[in-house]
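Visitor: For reference, the structure I am asking about is given below.
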Amino acid sequence: MTSCLICHDVMRNVPTWRFLIQRAENEQICADCAEKFELISGDTCRCGRSLLLLEAAYQENGQCLDCKRWEEGGDALTKNVSLYTYNEWMKDVMATFKFRGDYELREAFRVKWMNVYQQSFLPSHLVVPIPLSAKRLYERGFNQAEALGELLGIKTQNALTRLHSEKQSKRSRNQRLQSEQIFSVLTPEVVQGTSIVLIDDIYTTGTTVRLAARSLLEAGATEVASYTLARG
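Structure representation (structure tokens):
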């Protein structure tokens, strides 16, 4: 018998419909843990936010007001697709994955992560993980964006390097929106003329992926989208 990657309870072969569906989708986590994730579905803004969960006052013509503000300044990102809502359960799971170094926990997301990517993007897209600073990489031992990119089963390209070590999560919303460029393109010749999908763990304000997108467009990429595990 196998144990759940999240709660570590033994997964027993109980022949219920819920068990059969959960096992068909993912054999790494138990049905109870799987049910606590909030899969994003239905109508979404192009930033991946569920419009069903967003009050009418904060959306217009199928778009959230945040995206309208980004458009006013010339948005570098064509779209973001996110798999799950960043609820309290996801926050705890991501803390275990990122900050307590449970690398194998990524396997809990593999099947849905691959399926939604294939539904949302083309095989011709170049997949580029968002890099960590050298300090963060040393502290964690791995880059969570690279780990998620590898789950897709396709080649990824480490085309970016990070110039700034301050974590975006430590900054206020206004500070993030006014951020200076924190990325540089390592391989301009590889990204020129390509459509790129950035991989990251969490989309909050969208500043990080947009700064990365801007640097890639300036290096010659034709368009940049992003794919993230969670939408805050």
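End of the sequence shown = 233 in the numbering used here, gap-free, step of one.
Beta carbons: idealized from backbone N, C-alpha and C, even for Gly.
(1) Considering only C-alpha positions, which residue in the set 129, 214, 119 and 192 is nearest to residue 221?
(2) Measure the alpha-carbon distance for residue 45 versus residue 183 and round it to whole angstroms.
(3) To the nearest whole angstrom, what separates the beta carbons of residue 233 and residue 205, a pair I think is in contact under 8 Å?
(4) Is the separation between the beta-carbon of residue 228 and that of residue 186 shorter than 7 Å?
(5) Within the same chain, show all residues whose beta-carbon is closer than 8 Å to that of residue 79, passing over the 5 residues directly before and after it, in chain order.
(6) Secondary structure at residue 202, three-state DSSP: helix, strand or coil?
(7) Check the DSSP bridge columns for residue 231 and list the partner residues they point to.
(8) Assess, as a yes-or-no matter, whether the region 147-157 is touched by the region 106-120 under the definition of 3 or more beta carbon pairs within less than 8 Å.
(9) From residue 94 to residue 7, what distance separates their C-alpha atoms?
(10) Let me confirm a value: residue 100 is counted as buried when at least 16 other C-beta atoms fall within 10 Å, else exposed. Which label applies?
(11) Of all the options 82, 102, 51 and 118, which has the alpha carbon lying nearest to the alpha carbon of residue 139?
Guide: In short:
(1) 192
(2) 28 Å
(3) 4 Å
(4) no
(5) 47, 224, 225 and 226
(6) strand
(7) 85 and 203
(8) yes
(9) 7 Å
(10) exposed
(11) 102
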